[in-house]
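Down below is the structure, laid out as structure tokens.
Protein chains: 2
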Amino acid sequence: MAVTIKDIARSAQISAVTVSRILSNKQGHYSAATAEKVRKIAQKMGYHKNIAAAELVTRKSHVVAVIISATKTNFAEKIVEGIEQSAIKYGYNIVLLTVEPNNPQSQTRALKVILGRPIYGVLLLSLDLTAKNFRLLQATELPYLFISIGVSDKASFISSNDFQIGYQATSFLIAKGHTKIGIAGMTDDAYIGQQRVAGFKQALRESKLSIQDNWIQFGDFTYEAGIKAMHEYGPNPELTAVIGTSDLVSIGLLNAANDFNLAVPQRLSILSIDGTQLTKIVRPQLSSITQDFYQMGYQGVQTLIQQANHKDKAHYLPFKIIERGSTSQLP
Amino acid sequence: MAVTIKDIARSAQISAVTVSRILSNKQGHYSAATAEKVRKIAQKMGYHKNIAAAELVTRKSHVVAVIISATKTNFAEKIVEGIEQSAIKYGYNIVLLTVEPNNPQSQTRALKVILGRPIYGVLLLSLDLTAKNFRLLQATELPYLFISIGVSDKASFISSNDFQIGYQATSFLIAKGHTKIGIAGMTDDAYIGQQRVAGFKQALRESKLSIQDNWIQFGDFTYEAGIKAMHEYGPNPELTAVIGTSDLVSIGLLNAANDFNLAVPQRLSILSIDGTQLTKIVRPQLSSITQDFYQMGYQGVQTLIQQANHKDKAHYLPFKIIERGSTSQLP
DNA sequence: CTGAAAGCGCTTACAG
DNA sequence: CTGAAAGCGCTTACAG
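Protein chains in written order, with the UniProt record's numbering: chain A, 1 to 331; chain F, 1 to 331.
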């Protein structure tokens with residue numbers, strides 16, 4: 001079977017304790033000579049420490065669990081990339097668990113997996129935990145951090161400031177002369193959607209612009225939600241601009257607008273939120289509020305690791321507005 | 001700290017052995033009465049088995065490691081979804097490790113992580129392992145299975161039959177009257193690209209159609225590779241049809257063709273390979289060879305678990321041709 | 001600088 | 001039906 005510390009000890013004519021210390025790089029408990037000998041033998045025998053065994057005794061783990069919604073959106077990949085890179089840097093490993101959207105049982109199952117394994121902490125990606133499952137998470141007493149979704153202000157999270165996203169997106173369109181602006185595709189029950197809408201409304205209010213109810217179209221961030229919203233706006237909407245709350249929503253809006261023969265951006269401006277690669281592969285390319293998903297993942301790991309000191313805080317990452325072809329200045 | 005078997009034993013006034021047996025559902029070693037009592041206490045105390053400890057003594061693991069290329073393509077998500085669902089069904093957990101494309105060191109690092117942890121087996125997703133890393137993988141003596149990429153015929157894999165994909169795609173276009181057909185975006189060094197090109201050539205040969213060198217444009221399956229290929233074909237190509245070897249490649253071809261004012265599909269037919277959601281969000285929608293990525297993941301886990309019996313075999317999954325708006329019949 | 005002893009949480013023969 | 005003993009691979013005081 002796999003070679004253990006004992007095998008090396010035998011081969012080096014030395015105790016397993018010393019081998020353990022050397023291979024764990026403990027300080028000042030052995031001579032340089034034995035250290036070198038042991039390392040060579042370990043190398044030659046193809047030794048790999050059984051980390052699970054080590055974790056069992058130290059009662060520490062270097063595994064970060066990432067629970068991710070089997071998301072219909074498409075930015076998760078970038079976040080995971082950031083998480084991975086960060087984990088490598090800090091010497092942690094990642095366990096990825098996916099969870100079905102809007103399925104509390106699936107959430108519970110994922111949390112139970114975590115309960116059964118030695119885990120350092122939990123990262124929750126775009127995940128809207130039910131109250132009950134949130135309690136289950138808290139009961140584990142593990143450090144945790146929400147990424148990209150701010151689950152109200154009860155829990156620690158890292159994300160863009162969604163109120164600001166809604167506010168800035170709207171302000172951008174107002175600055176371009178638009179006065180009839182819609183927003184589409186966000187969920188109405190989750191914090192993230194509420195914040196974006198709140199920012200949207202605030203910007204309009206400050207400019208003394210009014211809104212019709214039908215201009216705010218809720219959805220689930222999918223392509224289909226974008227299509228549906230555009231159909232609600234109809235083939236000849238009063239609107240001259242709409243904010244798509246995800247890239248897929250915006251592409252849905254775009255395609256449906258084209259089907260209505262509404263020229264984008266001449267007749268209708270579309271400003272997308274997210275700014276993934278998708279914005280560049282459609283025509284016209286989508287102007288977008290671009291979030292830094294990679295950093296969200298990267299800093300998410302950092303924050304989790306150092307969390308002890310600053311619990312229950314919001315960490316906001318900057319975003320930027322990138323204008324491409326789907327928005328235009330009104331005369 | 002976490003509640004253990006001993007805590008339960010104490011509370012139930014019984015030995016830890018019996019508790020262990022009950023909570024592991026061993027047969028006929030205890031009375032129904034004690035079993036029920038123990039289960040109730042476990043429930044009440046919020047007990048969760050330390051699986052790492054159990055795996056240490058049984059020397060068995062129910063963790064499947066999935067090594068995935070931090071892919072520029074976009075179908076990985078579906079495969080992972082299939083893997084997850086299948087893993088749940090069979091009672092396995094998934095550890096996901098990402099690896100940078102074309103980075104042998106990154107591959108080695110991922111394999112080392114696996115070596116240090118109790119793992120049942122390894123699934124490799126769209127991953128072109130270097131010869132050295134492949135040897136490292138074999139040295140672990142763990143069962144493994146390649147998914148979606150057939151790494152030559154040396155290793156077990158599950159994927160579509162890429163020769164057939166190339167062959168059927170080409171035959172489809174020939175049946176539509178095309179005689180000048182290109183293929184674009186695949187790598188030239190990996191098995192998958194070679195197979196698709198071989199199938200492509202075979203179909204042309206059988207129909208006695210000739211090819212110009214420049215019609216075969218290699219790449220790395222990205223959007224940019226599609227753009228570049230189209231630029232190589234030029235603004236007025238002889239070609240009337242081209243096979244994009246991934247959805248992103250095909251979208252690159254499509255956009256570049258539009259920039260050249262080549263109408264798709266009237267002047268140029270594009271047939272995509274993969275058939276992810278992307279084919280439906282561009283205009284015209286892309287006709288595609290659609291692979292069953294979900295099943296690839298789902299059956300990948302099954303195959304890995306049952307692998308003992310049928311090693312080193314190729315498992316092919318069916319694909320289908322779905323015609324959308326990017327292909328047309330030639331007069 | 002080196003090692004014997006005890007133990008992390010669990011399971012598996014073995015004996016009753 | 002129940003339990004004492006030994007051990008999975010590792011680490012941590014403690015003693016020399």
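Ideal Cβ placement from N, Cα and C applies to all residues, glycine included.
Just so it is clear, the structure is predicted and the values come from calculations on it, not from any experiment.
Per DSSP, Gly-193 of chain A is one residue of the alpha helix (DSSP H) stretching across 191-206. Among the residues of chain A, none has a CB under 7 Å from the CB of Lys-6 of chain F; the nearest is roughly 15 Å distant.
Here the alpha carbon of Ile-14 of chain F sits roughly 19 Å from the alpha carbon of Ala-2 of chain F. Interface annotation, Leu-125 of chain A: not in contact with chain F, CB-CB separation never under 8 Å. With fewer than three CB-CB distances shorter than 8 Å, the segment 16-31 of chain F does not count as touching the segment 80-98 of chain F. Between the segment 251-270 of chain A and the segment 286-301 of chain F there are fewer than three inter-stretch CB-CB distances shorter than 8 Å, so the stretches are not counted as touching. Selection F:Ile-94, F:Gly-46, F:Ala-184 and F:Arg-10 evaluated against Thr-170 of chain F yields F:Ala-184 as nearest (Cα-Cα). Counting along the chain, the unbroken alpha helix (DSSP H) around Val-38 of chain A starts and ends at 32-45. Distances from the alpha-carbon of Ser-69 of chain F to those of F:Ser-159, F:Tyr-167 and F:Leu-127 put F:Leu-127 closest. Fully contained in the segment 234-277 of chain A are the following beta strand (DSSP E) runs of length 3 or more, in chain order: 241-244 and 269-274.
Counted as a single uninterrupted DSSP element, the stretch harbouring Ile-322 of chain A is not any alpha helix (DSSP H) but the beta strand (DSSP E) occupying residues 320-322. Judged by DSSP in its simplified three-state form, Ser-20 of chain F adopts helix. For His-62 of chain A, the closest Cβ of chain F is not nearer than 8 Å. Secondary structure at His-48 of chain A: coil, using DSSP grouped into helix, strand and coil.
Proximity of the segment 50-62 of chain A to the segment 99-114 of chain A falls short of the contact definition, fewer than three beta-carbon pairs being nearer than 8 Å. With a 10 Å radius around the Cβ and a threshold of 16 neighbouring Cβ atoms, Gly-28 of chain F comes out exposed.
In the DSSP assignment, Leu-96 of chain F falls within the unbroken beta strand (DSSP E) covering 93-99. For Lys-228 of chain F, the number of other beta carbons within 10 angstroms of its own is at least 16, and it is reported as buried. Remark: C-beta atoms of Ile-88 of chain F and Val-66 of chain F do not approach each other more closely than 8 Å. In terms of beta-carbon proximity, Tyr-294 of chain F stays away from the interface with chain A, with every pair separated by 8 Å or more. Sequence-ordered contacts of the segment 132-149 of chain F with chain A read Ala-139 [C-beta pairs closer than 8 Å]. Residues of the segment 278-291 of chain A with a C-beta atom less than 7 Å from some C-beta of chain F are Ile-281, Val-282 and Arg-283, listed in chain order. Taking CB atoms only, Tyr-92 of chain F has no neighbour in chain A less than 8 Å away.
Among the residues facing chain A, Thr-276 of chain F is not included, as its CB has no counterpart in that chain under 8 Å away.
For the segment 212-229 of chain A, residues whose beta-carbon sits nearer than 9 Å to a beta-carbon of chain F comprise Tyr-223. Rounded to the nearest whole angstrom, the C-alpha separation of Ala-256 of chain A and Gly-226 of chain A is 8 Å.
With a cutoff of 8 Å on beta-carbon distance, Ser-288 of chain A and Ile-305 of chain A are scored as not near each other.
Against chain F, a Cβ distance below 7 Å from Ala-52 of chain A picks out Ala-52, Glu-55, Leu-56, Arg-117 and Pro-118.
At a C-beta separation below 8 Å, His-231 of chain A has no neighbours in chain F, since its nearest C-beta there lies roughly 16 Å away. Phe-172 of chain A sits in a helix when the DSSP states are folded into three classes. Secondary structure of Ser-126 of chain A (DSSP, three-state): coil. Cβ-Cβ distances below 6 Å link Ile-41 of chain F to Ile-8, Ser-11 and Ala-12 in the same chain, with the five nearest sequence neighbours on each side left out; the list follows chain order. The DSSP-derived three-state label of Phe-163 of chain F is helix.
Residue range 314-317 is occupied by the beta strand (DSSP E) that includes Leu-317 of chain A. It is roughly 21 Å from the alpha-carbon of Leu-129 of chain A to the alpha-carbon of Lys-78 of chain A. In chain order, Lys-112, Leu-115 and Gly-116 make up the part of chain A whose C-beta sits under 8 Å from the C-beta of His-48 of chain F.
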